[in-house]
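Enquirer: Quick one: structure below, then a few questions.
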Amino acid sequence: YGTFLGTAKQNGFDNDWAERIFAAGTVLLSTGDYLRLWRRGEITAKELEAFLLKQRFSLPAIEHIKKASEFFPSPQDLISF
Numbered sequence: 046y047g048t049f050l051g052t053a054k055q056n057g058f059d060n061d062w063a064e065r066i067f068a069a070g071t072v073l074l075s076t077g078d079y080l081r082l083w084r085r086g087e088i089t090a091k092e093l094e095a096f097l098l099k100q101r102f103s104l105p106a107i108e109h110i111k112k113a114s115e116f117f118p119s120p121q122d123l124i125s126f
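Going by our numbering, the first residue of the sequence shown is number 46, and it counts up by one from there.
Structure (structure tokens):
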């Protein structure tokens with residue numbers, strides 16, 4: 046992030062525009078994608094929680110989502126079967 050801001054400043058962008066450009070290039074995955082990454086062990090439970098909090102889920106909702114994902118497959122998995 047710091048390198049990006051430095052490069053943007055060298056190219057004539059102020060910090061406000063540099064932050065906007067950086068944010069536009071940041072992609073959040075879907076809730077299902079984060080759950081699959083967590084189940085595969087590619088992210089920790091804390092990382093999952095942080096990502097889902099960014100998507101404005103509450104802590105109780107995150108726990109419900111994790112529990113429900115144990116029993117219900119994703120829509121993509123349902124279509125595959």
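Quick reminder that beta carbons are idealized off the backbone N, C-alpha and C, glycines included.
Being a predicted model, the structure only gives us computed values, none of them experimental.
Taking 7 Å as the threshold (beta carbon to beta carbon), is T76 in contact with chain B?
Expert: Looking at the structure shown, chain B is missing, and only one protein chain is on hand.
Enquirer: By Cβ distance below 8 Å, which residues in the same chain neighbour Y46 in space, the five residues on each side in sequence not counted?
Expert: Contacts found: F67.
Enquirer: Taking one C-beta from the region 72-84 and one from the region 93-113 each time, how about it: are there three or more such pairs within less than 8 Å?
Expert: The answer is yes - the region 93-113 touches the region 72-84, with three or more Cβ pairs under 8 Å.
Enquirer: Quick one: Cα of L50 to Cα of I88, how far?
Expert: Each residue's alpha carbon lies about 27 Å from the other.
Enquirer: DSSP on F102, reduced to helix/strand/coil?
Expert: F102 falls in the coil class under three-state DSSP.
Enquirer: Exposed or buried, W62, counting other C-beta atoms within 10 Å across all chains shown (16 or more means buried)?
Expert: Exposed is the call here.
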